[in-house]
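In my numbering, the protein residues as written are 240 to 460.
Written out as structure tokens, the structure reads:
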């Protein structure tokens, strides 16, 4: 028993473990930022498609357990059919699923505020918010994802790589000991400029691939 206690005492604490693993973690942070900065839209689309496939399998399994509670074959078959349906829906109409989610979110967000209005206008506000949210997501989804992933990815890439050149450790800003605002505003201005430059380049690359993947407008002869 005493030997086990001595072994536990000799083990490094959490901060020491973070210090030992800091190079590996910062390398992974920089790599993650690189992928997000230049391929953020593709990663986002792939993630949405995987989630929709998972949702399809879950819905199929739930229906099978409701209608055929004792059949393992029906459970597996329904889950497989739901998985395939989710893959097809996620591959071809993944954006429409997000638009529907935005419509529902807009309606639910505006409903509490509509209670303060008269009965004649209580339904107009949620419906208007739902339509605006759906239209906004439909028109601005890809540009918003590109800009956000390019900026956040550039930040992780630049500041993660800067650790190997004597920069600050991002791990100090994870546990709440320091504020990220201090890193951005009070840090090295060259890193901030590098982040903006990398974000601009990443956004340019992502917009290029996005426009290239969109169907070309048909030309009438």
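The beta carbon of each residue, even a glycine, is placed where N, CA and C say it ideally should be. This one's a predicted model, so the numbers in the text were calculated from it and none came from an experiment.
Distance CB(residue i)-CB(residue j) smaller than 7 Å
i: residue 272; j: residue 395; result: yes
i: residue 300; j: residue 314; result: yes
i: residue 223; j: residue 325; result: Residue 223 lies beyond the range of the chain shown here (240 to 460); nothing can be said about it.
i: residue 388; j: residue 279; result: yes
i: residue 441; j: residue 268; result: no
i: residue 430; j: residue 397; result: yes
i: residue 381; j: residue 330; result: no
i: residue 392; j: residue 276; result: yes
i: residue 227; j: residue 302; result: Outside the displayed span of the chain (240 to 460) sits residue 227, for which this structure offers no information.
Cβ neighbour criterion (16 or more within 10 Å) applied to residue i
i: residue 354; result: exposed
i: residue 390; result: buried
i: residue 432; result: exposed
i: residue 402; result: buried
i: residue 226; result: Limits of the chain in this structure are 240 at one end and 460 at the other, which puts residue 226 out of reach.
i: residue 443; result: exposed
i: residue 247; result: A caution first: residue 247 carries a pLDDT of 46, below 50, which makes its placement in the model unreliable, though a value can still be read off. So residue 247 counts as exposed.
i: residue 283; result: buried
Rounded distance between the beta-carbons of residue j and residue i, thought under 8 Å
i: residue 332; j: residue 377; result: The Cβ separation is near 12 Å, so there is no contact.
i: residue 356; j: residue 364; result: 6 Å
i: residue 298; j: residue 321; result: 5 Å
i: residue 261; j: residue 408; result: 6 Å
i: residue 361; j: residue 349; result: Not confirmed; about 10 Å, so no contact.
i: residue 410; j: residue 264; result: 7 Å
- Item | alpha helix (DSSP H) segments (min. 4 residues) lying fully within the region 257-316 | The region 257-316 is shown to contain no whole alpha helix (DSSP H) run of 4 or more residues.
- Message: Threshold first: 4 residues or longer. Then list the alpha helix (DSSP H) segments lying entirely within the region 355-434, N to C.
- Response: Within the region 355-434, the alpha helix (DSSP H) runs of at least 4 residues that lie entirely inside it are, in chain order, 363-401 and 419-424.
- Query: Does the region 431-450 touch the region 272-287, meaning 3 or more C-beta pairs lie closer than 8 Å?
  - Reply: Yes, they touch.
- Query: Curious, which full-length beta strand (DSSP E) runs of at least 3 residues does the region 320-346 contain?
  - Reply: Runs of the beta strand (DSSP E) spanning 3 or more residues and lying entirely within the region 320-346 do not occur at all.
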